[in-house]
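Residues 9 to 184 in the numbering used here are what the sequence shown lists, from first letter to last.
Virtual Cβ for every residue (Gly too), placed ideally from N, Cα, C.
Every value quoted in this text rests on a predicted model; they were computed, and no experiment measured them.
Structure first, commentary second.
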Amino acid sequence: ATEIIDGITEEELYQQYEDGVTAFVKNNIISGVEVDAETEAKFIELGKKIFGSMKYETVSVEKISKDEYDVKVSYQPADVFLKYIEYINLESQKITDKVEAGEYKGTVDEINAQMENEFIASAYTLLEQAYTDMEFGEASEMEFVVKVGATELYQLREDELQELMVKIMRLDEIQD
Numbered sequence: 009a010t011e012i013i014d015g016i017t018e019e020e021l022y023q024q025y026e027d028g029v030t031a032f033v034k035n036n037i038i039s040g041v042e043v044d045a046e047t048e049a050k051f052i053e054l055g056k057k058i059f060g061s062m063k064y065e066t067v068s069v070e071k072i073s074k075d076e077y078d079v080k081v082s083y084q085p086a087d088v089f090l091k092y093i094e095y096i097n098l099e100s101q102k103i104t105d106k107v108e109a110g111e112y113k114g115t116v117d118e119i120n121a122q123m124e125n126e127f128i129a130s131a132y133t134l135l136e137q138a139y140t141d142m143e144f145g146e147a148s149e150m151e152f153v154v155k156v157g158a159t160e161l162y163q164l165r166e167d168e169l170q171e172l173m174v175k176i177m178r179l180d181e182i183q184d
């Protein structure tokens, strides 16, 4: 991209990527869970591995106008987050079984803290396992219109980029 876009550096593009992965992890994986900085950093690094393993490629590019291109992308959806949800549900059931068996001791607040700590401790390992176990589906295609934006950078519409992310990670198949 730095070769075809004036005024952008590899560092700026990499920072955009970093910011995007960090936002995804914070908003979708650890959202609503209190984690320390070290645990957050571990989740972000694993998020980068997950994003880096996604399979997609540009199939064709057709110039529509001076500032617009029609771009077809082939992608293979991954089941990493479907597996993660499955593993999280199993872990939640284990914790519920422990509660019912009286394995946690203390006040209600202390028991809740013990449950939360156990859940958080296992969540990273479960996401790592889902990443290891990840499988890819049949290739599909998606079409985008890429335009030169106000900053003279080529841009996708945010909703189209979001749609690709949802499809490639099969997020649309996850229920609440």
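Q) Skipping 5 residues on each side, what residues in its chain have a beta carbon closer than 6 angstroms to that of Ser82? A) Walking along the sequence shown from the start, residue 82 turns up at place 74. Cβ within range, chain order: Glu65, Val67, Ala147, Glu149.
Q: Whole angstroms is fine: what's the gap from Gly114's alpha carbon to Asn120's?
A: Counting from 1 along the sequence shown, the entry for residue 114 is found at position 106. Counting from 1 along the sequence shown, the entry for residue 120 is found at position 112. Gly114 and Asn120: Cα-Cα distance of roughly 9 angstroms.
**Q.** Whole-angstrom distance between Ala138 and Asp167, CA atom to CA atom
**A.** Residue mapping note: residue 167 aligns to position 159 of the sequence shown, counting from 1. Residue mapping note: residue 138 aligns to position 130 of the sequence shown, counting from 1. In a straight line, the C-alpha of Asp167 is about 27 angstroms away from that of Ala138.
Q) In this structure, what does DSSP give as the bridge partners for Gln84? A) Here residue 84 refers to the residue found at position 76 when the sequence shown is read from its first residue. The partner list for Gln84 (beta bridge, DSSP) reads Lys63.
Q. For Lys71, which residues does DSSP report across the bridge?
A. Here residue 71 is taken as the residue at index 63 of the sequence shown, counted from 1. Note: Lys71 sits in a beta bridge opposite Tyr77.
Q | Cβ distance (whole Å) where Ile72 is taken to contact Leu134 below 8 angstroms | A | For the purposes of this step, residue 72 is taken as the residue at position 64 of the sequence shown. For the purposes of this step, residue 134 is taken as the residue at position 126 of the sequence shown. With a Cβ gap of about 44 angstroms, Ile72 and Leu134 do not count as contacting.
(Q) Here's the rule: buried if 16 or more other CB atoms are within 10 angstroms of the residue's CB, otherwise exposed. What is Gly55? (A) Mapped onto the sequence shown, residue 55 falls at position 47. Buried is the call here.
Q: Within 10 angstroms of the Cβ of Tyr92, are there 16 or more other Cβ atoms? Answer buried if so, exposed if not.
A: As a first step, residue 92 is located in the sequence shown; it is residue number 84 there, counting from the start. The residue is buried, with at least 16 neighbouring Cβ atoms inside 10 Å.
Q) Among all the DSSP beta bridges, which residues are the ones paired with Met150? A) Position 142 of the sequence shown holds residue 150. DSSP, once it has assigned bridges, lists Val81 as partnering Met150.
**Q.** Whole-angstrom distance between Asp141 and Val88, CA atom to CA atom
**A.** In the sequence shown, residue 88 corresponds to position 80, counting from 1. In the sequence shown, residue 141 corresponds to position 133, counting from 1. Computed Cα separation, rounded: 7 angstroms.
Q: Can you give me the Cβ contacts of Met123 inside the same chain, cut-off strictly under 6 angstroms, excluding the 5 residues immediately before and after it?
A: Locating residue 123 in the sequence shown gives position 115, where the first residue counts as 1. These residues qualify, in order along the chain: Ile103.
Q | Buried/exposed call for Ile182, threshold 16 Cβ in 10 Å | A | What you label residue 182 is simply residue 174 of the sequence shown in a count that begins at 1. Answer is exposed; the Cβ neighbour count stays below 16.
Q. Run through DSSP, which three-state label would Val156 get?
A. Here residue 156 corresponds to residue number 148 of the sequence shown, with the count starting at 1. Reduced to three states, the DSSP call for Val156 is strand.
Q | Residue from Phe59, Gly145, Ala131, Ile176 with nearest C-alpha to Glu42 | A | Reading the sequence shown from its first residue, position 34 is the one you call residue 42. Residue Ala131 is the option with its Cα nearest to Glu42.
Q: Starting from Lys175, trace the alpha helix (DSSP H) both ways and give me its first and last residue.
A: By 1-based counting over the sequence shown, the position of residue 175 is 167. Here the alpha helix (DSSP H) through Lys175 covers 166-176.
Q. Going straight from the alpha carbon of Ala9 to that of Glu18, what length do you get?
A. Counting from one through the sequence shown, the residue named residue 9 turns up at place 1. Counting from one through the sequence shown, the residue named residue 18 turns up at place 10. Per-residue confidence for Ala9 stands at a pLDDT of 49, beneath the threshold of 50, marking its modelled position as unreliable; the derived number appears in the next sentence. Answer to the nearest angstrom: the Cα atoms are 8 angstroms apart.
Q) In angstroms, rounded to a whole number, what distance separates the CA positions of Asn35 and Ile52? A) Taking the first residue of the sequence shown as 1, we reach residue 35 at position 27. Taking the first residue of the sequence shown as 1, we reach residue 52 at position 44. Straight-line Cα distance between these residues: approximately 11 angstroms.
Q: Could you spell out where the alpha helix (DSSP H) holding Val41 opens and where it closes?
A: Here residue 41 refers to the residue found at position 33 of the sequence shown. Taken as a continuous stretch (DSSP letters only), Val41 belongs to no alpha helix (DSSP H), as it is neither H nor E.
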